[in-house]
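Here is the structure we will look at, set down as structure tokens.
Number of protein chains: 2
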Amino acid sequence: VSPVGRRAAPPRNAVEILATGDELVRGRGSDTNFAALARALGEEGFAVRGGRLVGDDLDDLVAALRAAAARARVVVMSGGLGPTRDDLTREALARLAGAPLVEDAPCLRRLRALWRRRGLAMPPSNAVQALLPRGAVALRNRVGSAPGILLGLRGGARVFALPGPPRELLPMLEAEVLPRLRRLPGRVPSRTLHAGVFGMFESALGERLADLMDRDAAVKVGTAVKDGVITVSVHGEGPAARRAPAVHREVLARLGPAVFAADRSGLPEAALAALRRARATCAFAESCTGGLAAARLTEVPGASAALLGGAVTYADAEKERALGVPRALLRVHGAVSGPVAEAMASGIRERTGATLAVSVTGVAGPDGGSARKPVGLVWFGMAGPGGVRTVERRFTGDRAFVRALAANTALDLLRRAAEALRAGAPAG
Amino acid sequence: VSPVGRRAAPPRNAVEILATGDELVRGRGSDTNFAALARALGEEGFAVRGGRLVGDDLDDLVAALRAAAARARVVVMSGGLGPTRDDLTREALARLAGAPLVEDAPCLRRLRALWRRRGLAMPPSNAVQALLPRGAVALRNRVGSAPGILLGLRGGARVFALPGPPRELLPMLEAEVLPRLRRLPGRVPSRTLHAGVFGMFESALGERLADLMDRDAAVKVGTAVKDGVITVSVHGEGPAARRAPAVHREVLARLGPAVFAADRSGLPEAALAALRRARATCAFAESCTGGLAAARLTEVPGASAALLGGAVTYADAEKERALGVPRALLRVHGAVSGPVAEAMASGIRERTGATLAVSVTGVAGPDGGSARKPVGLVWFGMAGPGGVRTVERRFTGDRAFVRALAANTALDLLRRAAEALRAGAPAG
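Protein chains in written order, with my numbering: chain A, 341 to 768; chain B, 341 to 768.
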């Protein structure tokens, strides 16, 4: 009994997404899997109809699976594959298929091997993770212990059940789910291209791309913004798939140097790539970001090719000791000021010998603001072979947002300085 | 036609959540409203059954609303109230109620006043935001332009429709939705308590709490895990609400020192609180985490009360320069080793004068591992008034996970050292 009674058979490329977990319905964690799955499936030419989140309740889970399988040929679900008693996905799938749960010998061997590698004895309760509904296929999990499950239903729908933790789900989506989906009939050819943009308001970008973002255009141009980083997506389906690259080129041309990536790489990757191209090393001196800018750059494998190190100087005494900021400068201008940002950047550059050094000092909030130096005021120093310059920004938002924007701004300053260095302009 | 055919009338405190927006089903942005709504509603004694995300499709939206209203007395939805053609919530609600859309004069006046305050003429298309299904009630929006809508359905269900942007939705939830919900009959008393746990596998925790986690227990005990942090929740409804605190106390007693918080605070908050209670200052020396441990601690407002600063020493030369790690030690043992972790912790402690200092050096991957020092091997140094000790951990996972776990381990070492200091034991 489908709740969408008016509809005939679902389109052949329709997908439904499902997530289970009491932590979700109790609001103990935001689900990020839905967005990641929707994006990946959309880019493969599937149309995500919708998704449902349910708690760890067997009846609710079975009902949600049944409804999803009535709406779409493919159902991708996450969660409920752990070893504890509130992990009900195996049981729900067995009930949905009317099949018993049976132990999968290869899965059990892999589980035991995983625990051996951890140097531990496998707790007996973990053996339930090797149970599959009879006739189902185990999906290999190379990161965690829970295998995924692929279950084909009598009506023709396929259910892919994946573990909830994104670091397990995302690699399994790539390695186990998408290759199988690509072999399904009914997929519509599609092409999605991206651009990463920093240093521009979303509304200004929208004005520059207004005609391309027309809702009725065959090639869809959309934006998503997070912590100041705008991701532009260019998507074409069917005949429009072939026109997506030309629209993408036009987007890049119109946005110019604000574009840090012509694909989906992040700002840290772009900064590191620019540093490597310029054969430059770098260092950070951070106050209000407390190490976040350096932490973001070191998210990227191979960061050691450019990053020497940095100082987190939260206390003013540390700004003096670790960076040589003169006490008088701190007293006269205050820690959040252009002169101190300049001294911090020069100080860490001299001490580490890095080609480029960036400093951050600001008022992250919620307290510590004043009329002259409000919450959100952040000063940056950018030191290079050509000297030091400072940049002032005023961000609006809470502590986490101000810090995230400040770290991103530091990375973008580094990226632009490295690009300028390579182009022969004096950095700084 | 409800897809949950086996169920009778929904519990009187059941709530369903719904979100609409093409950006959601295309994965261009993560929905954070669901978690915020679920938490707020749960704490008010409502039981969130589940939620659904649908695109901007009128049929899908009406079907989702109808299914939600069959499952729960209260439906809270977000999105689709803007002025553009893909904003379909008003029309969907009108269709659901079988009522025409009529212009609400007070809403129209407020809209015009808002645009006047912005110093702009209201675009004619925005007048649609003053349309409501006949019989519906407008919910005041003090932040943005779209009013919310409260619609009572013949079956007794109430639908609260709110705008999608969190900065509009959250204040409206507080001011317009929760006060009305508190007046509804049938609200079930409920109590949810939490515990934060670190330093224990989820399966080991599950075994220790097996009897309490029984699915048929009146008080529900559940777990969620992220980056090694296990959040235990204890939830009781109706008569079981009064028994939740006793179960919570039992959980805390069984898990002992692995519990870092008896509420929903995170590890950084717990570490900072322990440092403040011990009147201790702290410093970090980070290699593979690249500043992440310090960045996590400084997420907490007031971190400056304890944190002096730290060094990000990615290059070995920086470990020598900024921390005084002897070159011979690096040559003989390698950067990822107990002796180097020890020298890093002592070095930053001496230089900053902090009471407690923690160091991190490891192989985050994906490259750089060897048979003797595999990816995931991380050494920690913990220096305090009583000396230095080192801790070795072997984490399994990708670079981001190894770094996140290492940063959390550093914070937990700091938390435990501060607690020991306060208890009079020599730290380190």
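Glycine residues also receive a C-beta, built at the ideal position from the N, C-alpha and C atoms.
Quick one: measure Cβ to Cβ for residue i and residue j, integer angstroms, because I've assumed they're closer than 8 Å.
i: residue 700 of chain B; j: residue 750 of chain B; result: 5 Å
i: residue 654 of chain B; j: residue 648 of chain A; result: 6 Å
i: residue 374 of chain A; j: residue 393 of chain B; result: 6 Å
i: residue 536 of chain B; j: residue 611 of chain B; result: Not a contact, Cβ separation roughly 11 Å.
i: residue 640 of chain A; j: residue 608 of chain A; result: 5 Å
Using the beta-carbon of each residue, which ones in chain A are nearer than 8 Å to residue i?
i: residue 443 of chain B; result: Under the 8 Å cutoff, chain A gives no residues; its nearest Cβ is about 25 Å from residue 443 of chain B.
i: residue 648 of chain B; result: 654, 655, 657, 658
i: residue 579 of chain B; result: Residues of chain A passing the Cβ test: none, with the nearest at roughly 20 Å.
Using beta-carbon positions only, say whether residue i and residue j come within less than 8 Å of one another.
i: residue 660 of chain B; j: residue 667 of chain B; result: yes
i: residue 366 of chain A; j: residue 378 of chain B; result: yes
i: residue 290 of chain A; j: residue 695 of chain A; result: The displayed coordinates of chain A run from 341 to 768. Any statement about residue 290 of chain A would go beyond what the structure contains.
i: residue 420 of chain A; j: residue 372 of chain A; result: no
i: residue 485 of chain B; j: residue 509 of chain B; result: no
i: residue 441 of chain A; j: residue 430 of chain A; result: yes
i: residue 529 of chain B; j: residue 578 of chain B; result: yes
i: residue 683 of chain B; j: residue 665 of chain B; result: yes
i: residue 587 of chain B; j: residue 559 of chain B; result: yes
i: residue 732 of chain B; j: residue 650 of chain B; result: no
i: residue 698 of chain B; j: residue 720 of chain B; result: yes
i: residue 547 of chain B; j: residue 503 of chain A; result: no
i: residue 426 of chain A; j: residue 389 of chain B; result: no
i: residue 412 of chain A; j: residue 493 of chain A; result: no
i: residue 626 of chain B; j: residue 652 of chain B; result: yes
i: residue 481 of chain B; j: residue 488 of chain B; result: yes
Please compile the residues from chain B whose C-beta is within a distance smaller than 8 Å of the C-beta of residue i.
i: residue 374 of chain A; result: 364, 367, 370, 371, 393
i: residue 458 of chain A; result: 734, 736
i: residue 551 of chain A; result: Result: empty, since nearest Cβ-Cβ is about 16 Å, beyond 8 Å.
Bridge partners for residue i per DSSP, in chain order?
i: residue 538 of chain A; result: A/569
i: residue 605 of chain B; result: Beta-bridge pairing links residue 605 of chain B to no other residue.
i: residue 360 of chain A; result: A/394
i: residue 624 of chain B; result: B/650, B/698
i: residue 560 of chain B; result: B/575
i: residue 669 of chain B; result: For residue 669 of chain B, which the question treats as bridged, DSSP gives no partner whatsoever.
i: residue 720 of chain A; result: A/700, A/731
i: residue 473 of chain A; result: A/441
i: residue 417 of chain B; result: B/358, B/501
i: residue 489 of chain A; result: A/478, A/501
i: residue 599 of chain A; result: A/537
i: residue 532 of chain A; result: A/575
Count the other CB atoms, across all protein chains shown, that sit within 10 Å of the CB of residue i; report buried if there are 16 or more and exposed otherwise.
i: residue 710 of chain B; result: exposed
i: residue 630 of chain B; result: buried
i: residue 739 of chain A; result: buried
i: residue 764 of chain B; result: exposed
i: residue 356 of chain A; result: buried
i: residue 617 of chain B; result: exposed
i: residue 717 of chain A; result: buried
i: residue 753 of chain A; result: buried
i: residue 443 of chain A; result: exposed
i: residue 341 of chain B; result: Since pLDDT at residue 341 of chain B reaches only 33, below the 50 mark, its modelled position is unreliable, and the value read off the structure follows with that caveat. The residue in question, residue 341 of chain B, is exposed, as its Cβ has fewer than 16 Cβ neighbours within 10 Å.
i: residue 344 of chain B; result: Note that residue 344 of chain B scores 40 on pLDDT, short of 50, meaning its location in the model is unreliable and no value can be drawn from it.
i: residue 346 of chain B; result: Annotation note: pLDDT 45 at residue 346 of chain B (below 50); position unreliable, coordinate value reported separately. When all chains shown are included, residue 346 of chain B counts as exposed.
i: residue 542 of chain A; result: exposed
i: residue 497 of chain B; result: buried
i: residue 563 of chain B; result: buried
i: residue 468 of chain B; result: buried
i: residue 383 of chain A; result: buried
i: residue 354 of chain B; result: buried
In chain B, which residues lie less than 9 Å from residue i when you measure between Cβ atoms?
i: residue 436 of chain A; result: Here the premise fails: no neighbours, minimum Cβ distance about 13 Å.
i: residue 463 of chain A; result: 541, 543, 544, 546, 547
i: residue 771 of chain A; result: Outside the shown range of chain A (341 to 768) lies residue 771 of chain A, about which nothing can therefore be said.
i: residue 751 of chain A; result: Simply none; closest approach about 13 Å.
i: residue 466 of chain A; result: 543
Taking Cβ-Cβ distances shorter than 9 Å, what residues in chain A pair up with residue i?
i: residue 485 of chain B; result: Chain A residues near residue 485 of chain B: none, gap ~15 Å exceeds 9 Å.
i: residue 566 of chain B; result: 369, 505
i: residue 624 of chain B; result: 631, 652
i: residue 389 of chain B; result: 365, 394, 395, 397, 400
In chain A, which residues lie with their C-beta within 7 Å of the C-beta of residue i?
i: residue 641 of chain B; result: 706, 707, 739
Kindly list, in the order they appear in chain B, the residues whose Cβ is closer than 7 Å to that of residue i.
i: residue 603 of chain A; result: Per Cβ cutoff of 7 Å: no residues; residue 603 of chain A is ~16 Å from chain B at best.
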